Structure formats: C-alpha cells, structure tokens
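Protein chains in written order, with the UniProt record's numbering: chain A, 1 to 199; chain B, 1 to 199.
We put the CB at the ideal spot given by N, CA and C, even for glycine.
These figures come from a predicted structure and were not determined experimentally.
There are 2 protein chains.
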Amino acid sequence: MDRAPNDIEALIAQMARLPGLGPRSARRLVLHLIQRRDQSMRPLLAALDRVSQSAQTCSQCGNISTAPVCAICTDTRRATGEICVVEDVADLWAMERGGVFKGQYHVLGGTLSALDAIGPEDLRIPQLVDRVGNGGVREVILALAATVDGQTTAHYIADALGHTGVKITALAQGVPMGGELDYLDDGTIGAALRARKDF
Amino acid sequence: MDRAPNDIEALIAQMARLPGLGPRSARRLVLHLIQRRDQSMRPLLAALDRVSQSAQTCSQCGNISTAPVCAICTDTRRATGEICVVEDVADLWAMERGGVFKGQYHVLGGTLSALDAIGPEDLRIPQLVDRVGNGGVREVILALAATVDGQTTAHYIADALGHTGVKITALAQGVPMGGELDYLDDGTIGAALRARKDF
Numbered sequence: 001m002d003r004a005p006n007d008i009e010a011l012i013a014q015m016a017r018l019p020g021l022g023p024r025s026a027r028r029l030v031l032h033l034i035q036r037r038d039q040s041m042r043p044l045l046a047a048l049d050r051v052s053q054s055a056q057t058c059s060q061c062g063n064i065s066t067a068p069v070c071a072i073c074t075d076t077r078r079a080t081g082e083i084c085v086v087e088d089v090a091d092l093w094a095m096e097r098g099g100v101f102k103g104q105y106h107v108l109g110g111t112l113s114a115l116d117a118i119g120p121e122d123l124r125i126p127q128l129v130d131r132v133g134n135g136g137v138r139e140v141i142l143a144l145a146a147t148v149d150g151q152t153t154a155h156y157i158a159d160a161l162g163h164t165g166v167k168i169t170a171l172a173q174g175v176p177m178g179g180e181l182d183y184l185d186d187g188t189i190g191a192a193l194r195a196r197k198d199f
Numbered sequence: 001m002d003r004a005p006n007d008i009e010a011l012i013a014q015m016a017r018l019p020g021l022g023p024r025s026a027r028r029l030v031l032h033l034i035q036r037r038d039q040s041m042r043p044l045l046a047a048l049d050r051v052s053q054s055a056q057t058c059s060q061c062g063n064i065s066t067a068p069v070c071a072i073c074t075d076t077r078r079a080t081g082e083i084c085v086v087e088d089v090a091d092l093w094a095m096e097r098g099g100v101f102k103g104q105y106h107v108l109g110g111t112l113s114a115l116d117a118i119g120p121e122d123l124r125i126p127q128l129v130d131r132v133g134n135g136g137v138r139e140v141i142l143a144l145a146a147t148v149d150g151q152t153t154a155h156y157i158a159d160a161l162g163h164t165g166v167k168i169t170a171l172a173q174g175v176p177m178g179g180e181l182d183y184l185d186d187g188t189i190g191a192a193l194r195a196r197k198d199f
C-alpha cells in the first residue's frame, strides 16, 4: 500500500480493523467501493450515516434500536409476560431469526466473568430484577451460552430472581439439528442423554 | 433480521452485498459499528466520506488517486521510461507491495474477452499506444495474468505497440516463492522448466 493516496490508505486501515476483515479484504472492499461510487459507495455512506445518527440502546431491554424503546418492546402482541434473557444483541437477532419466541427480551450486554472482572452491576442484571419486580412477567427464559461463564450468569440470575417467585426456565441442551453424533462433543451427548424424552 | 429496526436492516443489506461479506458477517460488522460508535463508526464514516469525495482516476495511468494525476505519475523519480501494464488497480497495488518496480504504470481496466465482448476500446489500450507514441518510454512490461484472456491481451498490446519499436517484456513464469512442486499445476512446472536458467 506504499503508493495508495493517503485518504484511501486511511480508509483501508479503518476497514482492516473491523471484525472479520483484514488488510487484503479491506483493500478489495475499498477498491470495490471506489469503482462503484454511485451504486455502492454513496448508498453505503447514506445508510451508515442514518444508523450512526439514529442507533441507540432500548431503555427497556437493551436491544439496538432507532427509537428510545425498541420495536419489540413497543409491540403489544409481544407483551406475553415472557422475557428471554440473552447475552448480547447478536443473540437476540439469532433468536428472532429462529422465529419461535414471541415474547420480549432482556439483553445483558455480556456474561459474568471473574477473569475479566465483569460483575452483575456491569451487566443489565439489576434492570432485569427491577423489570421482573414491576410485575407482568410470567416467565424468564435464560438463553445463555452453554459455557462456564454463561451458566454462572444463568445461576446468578436465577438466584437474584428467586424472591420474585417468577418461573425461570433455560434453553434445552441436546443434539443440534443436523448434528451427527460422531462429531458431537461428549458433554453434549451426555446432556442429550440425560434429557432424553419419550418418542 | 425480522425485528432489527429498518435503518439498521438497510445498512446490513448494503453491507451484505459487498465483496467478501455475506449476511452473517454484515450483521457482525454493523453490530460492531453501532456498539463502538465513537471509536469505529464515526472515523469510518469520515474516512469513507473523504474518499467518496476525493477518489478519482489518474488521467495518465488509470490508477485510483485523490488528485487528477496520481502520486506515482507525478513522482519524477519514477519517470524511468518503464511502464508496467496491469489489468486493474488491485494488481498495481500488488506490484507496489512487491516494492521492486520503480517505474510507472498503465492500468487497463480489464482484459480483452470475447466471451464478455470486451474489446480494445473498452480498455485503456488506445491511451497506452498514445502514451508510448509520445516518447520517453524505453520499456513496456506486461504484468498480466497467466490466463487465456490475460495472454490474449498481452499479445494484442505487443502487436499494437509493434510500430513504436519500444522494448516489450513480460513477467517471468515459474515456481512461486515457497511453492512446492507437488502442489503446482503441470503448466507452471512446464513453463518453469522451459525457462530454466544456470544455477
């Protein structure tokens, strides 16, 4: 990149720092954008600018939104009394793509982690306790990762909500769709066996 | 993406259409940008905006530039009388990363292709002939892909420049650095054998 003009070099460097991109893919992207300025660069700029100005965090659930309260929280059909607790917005989007859950969410913004010194007050756990305490919640579904940190967080939340008497559930563990036993780790097979059901 | 707000959805759709990105990596990118608005989104917006406004094609060589004539063409130290002919700007950048070539470039903007109905007048071949005809050029180095279209283009250019008497060379073909014979195609091995040299 010795001789690419400075502005272009700076853009490539910016791009190369984004997740999933490196210097090579950033160069390719920037060239593409420059060579298709009207079809690609300008619409992208406009879309980025709109999002940069409007994106905010939903004050109720922590989802990313273009309004103070997100579209899911304002949708009365989704006020089913079920709250699905997820680690981050990417997980919320993944749940939505699944299309099965019809209630509301609560985005923690991470998991408890002794290693990274992330405690309950760094996450949106107090807000969750308040939200459940305010009533109208029938069930809290813990959709957290099946990792040590994820499960520690799940147990902590279950404890913190214990006094409210709300029903607390967690995603089932088992064999994923299309999963071949041969390629599954032993932990998953064990969990699926313990949770076996009538056929 | 059912429930991501519309502006954000639109941005993800824009991103997903860029080369090397798909819906999944676009979602990841957009989330990253929104969650790091000040460190990532705003600098990227500013850099994109600058390039969108300033990027143009060098009128002499076809390189991408932020000025009417690019930094390589205006650098008098590079007026060595050597012109390296490349297919596109990505190839020019690749040559520059190599750091060996110290002359100037000529970017064709593609290769001749009967299949895609790309003829000489669709490329910057007439400009190359003019440039060589204007004098001051000692050698034209054809750095085109070792593909049928690349080599057809090379032969066409050599013919078109025949009357100028300028020296015309092409990149050597052979075993790439770090290349193991076992993994090389037969064509490359044959070319490397025919072009063998004293050791």
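- With respect to the C-alpha of Trp93 (chain B), the residue from A:Gly174, A:Val129, A:Gly110 and A:Arg24 having the closest C-alpha is A:Arg24.
- Within the same chain, Cβ atoms closer than 6 Å to the Cβ of Gln60 (chain A) are found at Val69 and Cys73, the five residues on either side in sequence being excluded.
- Chain B has a Cβ within less than 9 Å of the Cβ of Val89 (chain A).
- Rounded to the nearest whole angstrom, the C-alpha separation of Lys167 (chain A) and Asp185 (chain A) is 30 Å.
- Cβ neighbours of Ala16 (chain A) within its own chain (closer than 7 Å, five residues either side excluded): Gly22, Pro23 and Ala26.
- In summary, Asn134 (chain B) is exposed, with fewer than 16 beta-carbon neighbours lying within 10 Å of its beta-carbon over all protein chains present.
- In this structure, Leu112 (chain B) places its C-beta atom within 9 Å of the C-beta atom of Asp149 (chain B).
- Interface with chain A (9 Å Cβ-Cβ cutoff): Pro19 (chain B) is included.
- Of A:Leu142, A:Gly162 and A:His163, the smallest CA-CA separation from Thr153 (chain A) is found for A:Leu142.
- When secondary structure is reduced to three states using DSSP, Val140 (chain B) falls in the strand class.
- Residue pairing for Tyr105 (chain A): DSSP places it in a beta bridge opposite A:Cys84.
- Nearest CB-CB separation between Val85 (chain A) and chain B: not below the 9 Å threshold.
- Interface residue (Cβ-Cβ distance to chain A less than 9 Å): Val107 (chain B) is not classified as such.
- Taking a Cβ-Cβ cut-off of 7 Å, the neighbours of Ser52 (chain B) in chain A comprise Arg37, Met41, Arg42 and Leu45, given in sequence order.
- Using a Cβ-Cβ cut-off of 9 Å, Asp49 (chain A) counts as an interface residue toward chain B, since at least one Cβ of chain B sits closer than that to its own.
- In terms of CA proximity to Ala13 (chain B), A:Ser40 leads the group A:Ser40, A:Ala71 and A:Leu144.
- As computed with DSSP, Gln14 (chain A) is found in no beta bridge at all.
- In this structure, the straight-line span from the alpha carbon of Glu139 (chain A) to that of Ala79 (chain A) is close to 12 Å.
- One thing to note: Ala47 (chain A) has its Cβ within 9 Å of the Cβ of Ala10 (chain B).
- Take the alpha-carbon of Arg37 (chain B) and the one of Pro43 (chain A): they are about 19 Å apart.
- By the Cβ-count criterion, Glu121 (chain A) is exposed, with fewer than 16 other Cβ atoms from all chains shown falling within 10 Å of its own Cβ.
- By the CB criterion at 9 Å, Arg124 (chain A) and Val107 (chain A) fall inside the cutoff.
- Taking a 10 Å sphere around the C-beta of Asp7 (chain B), we find 16 or more other C-beta atoms and assign the residue as buried.
- Per the coordinates, the alpha-carbon of Leu29 (chain A) lies some 24 Å from the alpha-carbon of Gln53 (chain A).
- At a C-beta separation below 7 Å, Gln14 (chain B) has these neighbours in chain A: Pro43, Leu44 and Ala47.
- Cα atoms of Gly110 (chain B) and Gly119 (chain B): separation of roughly 10 Å, rounded to the nearest angstrom.
- In the displayed model, Gln173 (chain B) falls within coil according to three-state DSSP, outside both helix and strand.
- Contact annotation for Ser25 (chain A) against chain B: Pro19, Gly20 and Leu21 [CB-CB distance below 9 Å, chain order].
- In this structure, DSSP gives Gln60 (chain A) a state outside helix and strand, which the three-state scheme calls coil.
- In the assembly as shown, Leu193 (chain B) is an exposed residue. Its beta-carbon has fewer than 16 other beta-carbons within 10 Å.
- Distance from the CA atom of Gly179 (chain B) to the CA atom of Thr188 (chain B), rounded to whole angstroms, is 11 Å.
- Taking the CA atoms as reference points, Tyr183 (chain B) sits about 42 Å from Asp91 (chain A).
- When 8 Å is used as the limit between beta carbons, Leu171 (chain B) is near no residue of chain A, the shortest such separation being about 19 Å.
- Listed along chain B, the residues sitting closer than 7 Å to Ala10 (chain A) by beta-carbon distance are Ala47.
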